[in-house]
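There are 2 protein chains.
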Amino acid sequence: MAVNATEAKRLKEYIAKGWEFHIIEMLHDLKPVEIAELIEALDEESRAKLFRLLDVSTASEVISELSSDSREDVLDDISDSDLAKIVEDMDSDDAADLVADLKHERAERVLAAISPKESSEIRSLLRYPEDTAGGIMQSEIMAVPSTTSVDAVITQIRQKASEIDNIHTIFVTDNNSRLVGSVPLVKLILAKPETPISQIMDLDPLKVPVTMDQEDVARLFKKYDTVVMPVVDKDNRLLGRITVDDIVDVIDEEAEEDMFMLAGADEDILSSSILKNASARIPWLFVCWVGEALNSVLIKGFEPTLSKLVGLAAFMPMILGMGGNVGSQSVALIVRGIATGRVTQRYFLNIIAKQVGVGALMGVVYGLMLGLISMVMYPDYRKMAFVVTLSIFNSMTLAALVGTVLPILFFKLGKDPAVASGPFMSSVMDLIGVIAYFSIATWL
Amino acid sequence: MAVNATEAKRLKEYIAKGWEFHIIEMLHDLKPVEIAELIEALDEESRAKLFRLLDVSTASEVISELSSDSREDVLDDISDSDLAKIVEDMDSDDAADLVADLKHERAERVLAAISPKESSEIRSLLRYPEDTAGGIMQSEIMAVPSTTSVDAVITQIRQKASEIDNIHTIFVTDNNSRLVGSVPLVKLILAKPETPISQIMDLDPLKVPVTMDQEDVARLFKKYDTVVMPVVDKDNRLLGRITVDDIVDVIDEEAEEDMFMLAGADEDILSSSILKNASARIPWLFVCWVGEALNSVLIKGFEPTLSKLVGLAAFMPMILGMGGNVGSQSVALIVRGIATGRVTQRYFLNIIAKQVGVGALMGVVYGLMLGLISMVMYPDYRKMAFVVTLSIFNSMTLAALVGTVLPILFFKLGKDPAVASGPFMSSVMDLIGVIAYFSIATWL
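Chain order of the listed sequences is D and A.
Take the first sequence: its position 288, counting from 1, is numbered 287 in numbering that gives the first Met the number 0, and each next residue is one higher.
Take the second sequence: its position 85, counting from 1, is numbered 84 in numbering that gives the first Met the number 0, and each next residue is one higher.
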């Protein structure tokens with residue numbers, strides 16, 4: 000089923016030899032996503048060659064599965080009129096995504112070359128922000144007036160089946176195109192042919208407003224375990240539908256966003272240039288840099304203490320490192336807990352108290368262990384063992400507190416709790432660690 | 000649609016006053032998942048009270064939507080015979096999950112009280128590991144022999160429609176229950192009643208082996224944009240089906256796993272005790288502790304250098320902090336890139352080279368900035384500016400290298416690349432940072 004290395008190798012051979020017949024036969028048994036996989040494995044020139052061998056309807060499906068790199072290779076090589084044919088054959092949401100990626104002039108040429116109905120559909124989809132319901136919906140839907148009989152609906156499905164993939168649900172509208180109901184296919188099968196659709200439809204169906212954020216749309220899909228949702232405007236007029244396969248992509252995207260936020264990066268970072276890469280990451284690291292610069296000034300202030308016992312420096316990375324790690328553990332736990340709803344308003348105090356307890360308990364364990372090592376390393380200076388034990392206990396407990404409270408705080412302020420992670424957290428932890436360590440050392 | 004605070008408050012009032020009629024009327028308009036949300040908002044006692052007011056079919060849907068906390072509250076309170084009725088009404092996959100959570104004796108009592116067919120279905124589902132296709136599939140399927148006519152299939156759907164939710168696809172089997180084809184509902188609608196199903200079925204349908212890891216199953220759903228997949232044994236016999244709503248949960252779970260691996264924790268950590276919490280996190284932190292202890296010994300070795308210039312200690316957290324942050328950025332990028340397939344075999348060297356370039360470029364920027372600060376803080380010791388500039392450049396470049404290579408290496412060795420993140424990474428980075436810093440300082 001999946002494309003394997005042997006197949007890819009064989010294909011490269013055929014392309015090198017120009018055996019088009021063999022290539023076409025080989026592609027015949029593959030699904031579009033598998034052809035896309037093969038294309039990814041080829042070099043720039045062969046990609047274009049292979050793509051030109053596809054028929055329009057296959058090409059239109061393959062192109063939406065390609066990475067932006069290969070897509071560019073392929074698009075550079077085909078004529079505007081061929082591209083127009085492909086765009087016309089695509090689902091409207093995929094077509095809009097493709098057109099949005101084209102250079103302005105080419106996009107206009109392509110839109111001018113396809114049917115006015117299709118091009119106006121694509122233009123209107125392009126108007127919605129990318130990460131809203133409007134940005135991910137498609138215009139192809141099965142919608143019928145509520146007076147239609149089951150029999151007539153089936154006739155309409157017959158006419159539209161080639162145009163609309165994956166019909167799961169028929170939407171029912173009133174005279175003003177307002178959504179009034181929905182009928183899952185299975186109900187249609189079970190009903191008598193002459194029944195009016197209004198008698199078997201679900202009233203008050205689930206639906207999403209066109210302006211809703213895609214993350215909220217995904218949450219509704221998850222909550223109601225549904226495979227398709229109609230999209231409506233503010234007057235409840237039916238505009239399109241969102242299918243679950245697009246939602247799966249949204250969920251992936253959002254998980255990636257959370258993860259990349261930890262790294263202060265965005266999704267395109269892997270494919271962009273070194274300079275762009277660096278400029279995207281520099282602001283994130285700047286927060287860290289400022290914190291650490293402050294730290295350097297602080298440590299300089301403790302120079303008298305340090306000069307008395309240079310050995311204090313030896314344990315500094317340990318005090319900071321253990322604090323930092325506990326802190327980022329706590330942040331990850333809480334950020335994820337909030338995202339999945341496991342950390343709820345009701346339990347905040349409870350959770351904070353528990354996490355601090357965990358930090359303190361681990362602080363005792365690791366503090367005592369380092370105390371022992373200190374006694375071996377600095378046998379002449381017994382007080383050092385006290386200092387490190389107390390400091391680790393202290394930095395781990397505080398780190399657990401800060402790492403738990405910060406994301407909850409951000410969440411309560413209506414910000415993404417994941418902001419609390421990353422450099423901000425590490426800088427705060429390092430500052431706390433250094434102050435605590437040297438205060439204890441001075442005091443002893 | 001969604002449950003709001005007012006509704007929850009009103010419900011609490013009704014429960015306090017014992018107005019059962021009002022409660023039942025209120026619940027009547029809600030979907031199971033919304034009732035579950037309301038239950039979550041109640042205290043222990045009211046949860047049980049509310050749950051007892053539900054009819055069996057609603058209760059069986061509500062219970063699969065509850066968190067493990069509320070589920071326990073509710074289950075503690077109902078009789079074995081009521082529970083048996085509920086289990087009997089649940090989808091087999093949800094029923095198996097519920098039974099797996101019960102104490103052994105209670106599970107046996109419940110299984111004994113339901114129909115032998117259902118209980119043997121549940122027992123066989125319990126045999127599959129939780130995170131495989133078998134662990135997430137349900138036994139309720141529409142399967143017909145290939146000789147059945149479209150008409151006869153529709154009659155069968157009519158009989159089974161109440162028992163099976165969300166029929167999307169009819170599976171077709173041969174005499175030995177082996178999967179030979181599948182028919183999407185829409186094709187059934189469009190075919191003539193007397194057509195044998197074998198004429199309209201898709202041959203060689205997508206399917207997953209019962210032993211396949213759930214993450215791989217999810218990947219297939221994403222790849223082929225499908226809403227349901229049949230599950231087969233090694234002889235291609237049809238065992239059950241997996242629907243996309245369960246896949247959405249799997250994707251969420253796996254993203255969580257990645258994130259929690261960064262924190263060395265598992266999903267139950269938020270709800271377990273302080274001691275359990277600490278013991279789960281201690282091994283993860285131990286890796287860090289060992290690394291840092293090694294670091295302390297190293298720094299002690301550099302004491303002569305440190306005594307000459309105590310100020311060197313002031314910039315240590317900066318050198319380590321910047322390295323650590325660049326390193327964890329890189330790890331997050333690569334781990335995610337591998338998970339989404341954006342980082343592929345073919346590009347490994349390319350990606351490594353680029354990331355090192357990014358690290359070096361950022362190292363120059365931040366190194367020079369700290370050099371300036373050093374000249375202000377230690378005007379008498381110009382060499383210090385050199386040392387810090389070079390050290391930051393050095394630690395950021397190396398961190399980018401290590402943070403990129405480690406996850407790729409783990410991936411190539413067949414391990415989860417996320418293992419590279421967390422304490423292992425931070426300890427390696429700290430060690431590299433300290434050695435580089437003091438080597439440069441000694442040398443100058």
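Cβ atoms here follow ideal geometry from the backbone N, Cα and C, with glycine treated the same way.
Here the structure is a predicted model, which is why all the values come from computation and not from measurement.
At the C-beta level, A35(A) and L360(D) stay beyond 8 Å of one another. Across the region 308 to 323 of chain D, CB contacts with chain A closer than 9 Å involve V309, G310, L311, A312, A313, F314, M315, P316, M317, I318, L319, G320, M321 and G323, in sequence order along the chain. Taking the C-beta atoms as reference points, V32(D) is found nearer than 8 Å to Y223(A). For I163(A), the secondary structure class from DSSP, reduced to helix, strand or coil, is coil. Within the same chain, no residue comes within 6 Å of D75(D) by CB-CB distance, once the 5 residues on both sides are set aside. Where S176(A) is concerned, there is no enclosing beta strand (DSSP E), because DSSP gives it neither an H nor an E. The secondary-structure analysis by DSSP pairs V325(A) with nothing; it has no beta-bridge partner. Around the beta-carbon of E120(A), 16 or more other beta-carbon atoms lie within 10 Å, marking it buried. With a cut-off of 8 Å on Cβ pairs, the region 116 to 136 of chain D is not in contact with the region 145 to 157 of chain A, counting fewer than three such pairs. Listed in chain order, the alpha helix (DSSP H) elements of length 4 or more contained wholly in the region 300 to 380 of chain D are 302 to 307, 315 to 339 and 347 to 376. Residue pairing by DSSP places F423(A) opposite no residue, since no beta bridge is assigned to it. In the three-state DSSP reduction, I121(D) falls in the helix class (H, G or I). The beta carbon of E87(A) sits closer than 7 Å to the beta carbons of I113, S114 and E117 from its chain, once the five residues preceding and following it are set aside; these are given in chain order.
Contact between the region 394 to 402 of chain D and the region 311 to 331 of chain D is present: 3 or more CB-CB pairs across the two stretches fall below 8 Å. Among the residues facing chain D, F220(A) is included, as its CB has a counterpart in that chain under 8 Å away.
Contacts between G133(A) and chain D, judged by CB atoms closer than 7 Å, are missing: the closest CB pair is about 19 Å apart. At a cut-off of 8 Å between beta carbons, I22(D) makes no contact with chain A.
The C-alpha of K221(D) lies about 19 Å from the C-alpha of V334(D). Looking from the CA of E214(A), the closest CA among V179(A), A338(A), D173(A) and L237(A) belongs to A338(A). For the C-beta of V247(D), the chain A residues within less than 9 Å are, from N- to C-terminus, A217, F220, K221, D224, V243, I246, V247 and I250. F314(A) and V330(A) have their C-alpha atoms roughly 24 Å apart.
Spatial neighbours of L65(D) in its own chain (CB-CB distance under 8 Å, excluding positions within 5 residues in sequence) are listed in chain order as A35, I38, E39 and V73.
For L405(A), the secondary structure class from DSSP, reduced to helix, strand or coil, is helix. For Y436(A), same chain residues with a beta-carbon under 6 Å away, outside a window of 5 residues either side, are I318 and S390 in chain order. As the crow flies, the alpha-carbon of R280(A) is around 11 Å from that of V286(A). Boundaries of the alpha helix (DSSP H) harbouring I199(A): I196 to I199, taken from the DSSP string. The three-state secondary structure of G17(A), taken from DSSP, is coil. Contacts with chain D (Cβ-Cβ distance below 7 Å) from the region 352 to 366 of chain A involve K353, G356, V357, L360, M361, V364 and Y365, listed in chain order. Counting along the chain, G239(A) sits inside the beta strand (DSSP E) bounded by residues L237 to T242. Using a 10 angstroms sphere on the CB of L348(D), the tally of other CB atoms stays under 16, which defines it as exposed.
At a beta-carbon threshold of 8 Å, the residues of chain A lying near D429(D) are P316 and G320, ordered along the chain. Exclusion of the five residues before and after I351(D) leaves L400, T403, V404 and I407 as the residues of its chain whose Cβ lies within less than 8 Å of its Cβ. Taking C-beta atoms as the reference points, L297(D) and L305(D) fail to come closer than 8 Å. Looking only at L29(A), H167(A) and N393(A), the smallest Cα-Cα distance to M428(A) is reached by N393(A). Of the other Cβ atoms in all chains shown, fewer than 16 fall within 10 Å of the Cβ of R122(A); this residue is therefore exposed.
Here A292(D) is buried, its C-beta having at least 16 other C-beta atoms within 10 Å.
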